[in-house]
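> If you scroll down you'll find the structure; I have some questions about it.
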Amino acid sequence: MPRLPLFIVASCLALCSVTARATTIYRCTDAKGAVTMQNDVPCGPGMKQEIRKIGEVPTAAPPPKRAAAEPPKSLPPPGAQFELVRGPVSEQLPEPTVPVAERKPPPPLFECKTWESEVYLSDTAEPEARCAPLNTTGLDGNPSFGAGAACEVKRDTCTAIEGDALCAAWSRRVDEARFRMTYAAPSEKTARKAEYDKRLADYVDSSCR
Numbered sequence: 009m010p011r012l013p014l015f016i017v018a019s020c021l022a023l024c025s026v027t028a029r030a031t032t033i034y035r036c037t038d039a040k041g042a043v044t045m046q047n048d049v050p051c052g053p054g055m056k057q058e059i060r061k062i063g064e065v066p067t068a069a070p071p072p073k074r075a076a077a078e079p080p081k082s083l084p085p086p087g088a089q090f091e092l093v094r095g096p097v098s099e100q101l102p103e104p105t106v107p108v109a110e111r112k113p114p115p116p117l118f119e120c121k122t123w124e125s126e127v128y129l130s131d132t133a134e135p136e137a138r139c140a141p142l143n144t145t146g147l148d149g150n151p152s153f154g155a156g157a158a159c160e161v162k163r164d165t166c167t168a169i170e171g172d173a174l175c176a177a178w179s180r181r182v183d184e185a186r187f188r189m190t191y192a193a194p195s196e197k198t199a200r201k202a203e204y205d206k207r208l209a210d211y212v213d214s215s216c217r
C-alpha cells in the first residue's frame, strides 16, 4: 500500500488547486501513531482512516469594468453668468452715430470675485483692496473681552471678459443703469442719468450693435 510523505501530499494539493480537479485525501494513522497522507488511496487494514474531500477550486469572477472617468467639467468663460435673456430693448436705444465699419469693441470689462465668492463687473482689472473684518479677543482668548477692531486686507481676483460675453455684459450694464435711473430718489436723479447716458453711448456706438 503506497504511503506518501507530507511534502508530496502538499504538492498534490497545490496541483489540485491549479487543475481544479476533485480529490480525496486519506489521513492514515498506524498502530504506532505514525501519520501518512494518501492521495486517492484508502488506508491499509488496521489503520485509523480520516477522509477529506477537496472539491473543485472556484474560479474568481473577473473584476468589474470600471466606468470611464468623466472628463473634468470646464468652467464657464468670464462673463457667462451675466448674460441676460432680455437686454436693452432695441426700440428704446438711439441709433449709432458711428458707421458700422468704424465701430470698435466696447470698453473693457472684468469679471471679479471677492474672497466670499461674490461675482461682480468692474471697469478695472485691479479694483481697490477690501478690508475683511477679523474677530478680536481678550488676552485670555475670550471674545467677549475683545478690544478695538481689526481687519485683513484682501484683493479681488479679476478676469477680462472677451468676445460675445463682453457684449452681453455691456447689455446688462445698460439695462441696470436704466433701472437705477428710473427708480432713483430725486436727489440722485441727475447722477444716475449721467451714468446711464455714458454707458448707453459706449454700448450703442460699439461693434456690439
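Quick note, the sequence shown lines up with residues 9 to 217 if you use this note's numbering. For every residue, glycine included, the Cβ atom is placed at its ideal position computed from N, Cα and C. All values reported here derive from a predicted model rather than from experimental measurement.
Would DSSP call Val49 helix, strand or coil?
For the purposes of this step, residue 49 is taken as the residue at position 41 of the sequence shown. If DSSP states are grouped into helix, strand and coil, Val49 belongs with coil.
> Quick one: what's got a C-beta closer than 6 Å to Cys51's C-beta in the same chain, skipping five residues either side?
Sequence index remark: in the sequence shown, residue 51 carries index 43 (1-based). Only Tyr34, Cys36, Gln57 meet the Cβ criterion.
> Can you give me the start and stop residues for the alpha helix (DSSP H) that Ala185 sits inside?
By 1-based counting over the sequence shown, the position of residue 185 is 177. Its alpha helix (DSSP H) spans residues 172-190.
> Cα-Cα, which of Thr198, Arg200, Phe118, Ala193 is closest to Thr165?
Indexing the sequence shown from 1 puts residue 165 at position 157. Closest by alpha carbon: Phe118.
> From Asn47, Thr198, Tyr128, Glu124, pick the residue whose C-alpha is nearest to that of Trp178; which is it?
Reading the sequence shown from its first residue, position 170 is the one you call residue 178. Measuring from the Cα of Trp178, the nearest candidate turns out to be Tyr128.
> Look at the alpha carbon of Leu174 and the alpha carbon of Glu103, and state the distance between them as a whole number of angstroms.
Along the sequence shown, one-based indexing puts residue 174 at 166. Along the sequence shown, one-based indexing puts residue 103 at 95. Distance between the alpha carbons of Leu174 and Glu103: 20 Å.
> What did DSSP end up calling Ala209 once you bin it into helix, strand or coil?
The count along the sequence shown starts at 1 and reaches residue 209 at position 201. If DSSP states are grouped into helix, strand and coil, Ala209 belongs with the helices.
> Suppose the cutoff is 7 Å on Cβ atoms and the five residues either side in sequence are ignored; what does the same chain contact list for Tyr204 look like?
Position 196 of the sequence shown, counted from the start, is the residue given in the question as residue 204. The answer, listed in chain order, is Ala185, Arg186, Met189.
> In this structure, does DSSP put Ala168 in helix, strand or coil?
Within the sequence shown, numbered from 1, the residue matching residue 168 stands at position 160. Strand.
> Check for me: the beta strand (DSSP E) holding Asp215 runs from which residue to which?
Numbered from 1 along the sequence shown, position 207 holds the residue referred to as residue 215. Contrary to the premise, residue 215 reads as Ser rather than Asp in this sequence. Premise fails: Ser215 is in no beta strand (DSSP E) and is neither H nor E.
> When the distance is taken between beta carbons, is Leu101 closer than 7 Å to Val212?
As a working note, residue 212 is residue 204 in the sequence shown. As a working note, residue 101 is residue 93 in the sequence shown. Yes, Cβ-Cβ distance for Val212 and Leu101 is below 7 Å.
> With DSSP as the reference, please indicate the residues paired to Ala140 in a beta bridge.
In the sequence shown, residue 140 corresponds to position 132, counting from 1. Answer is Glu160, bridged to Ala140.
> Excluding the 5 residues preceding and the 5 following Lys197 in the sequence, name in chain order all residues of the same chain whose CB lies nearer than 8 Å to its CB.
Along the sequence shown, read from residue 1 onward, the residue named residue 197 stands at position 189. Excluding positions up to five away in sequence, the list reads Met189.
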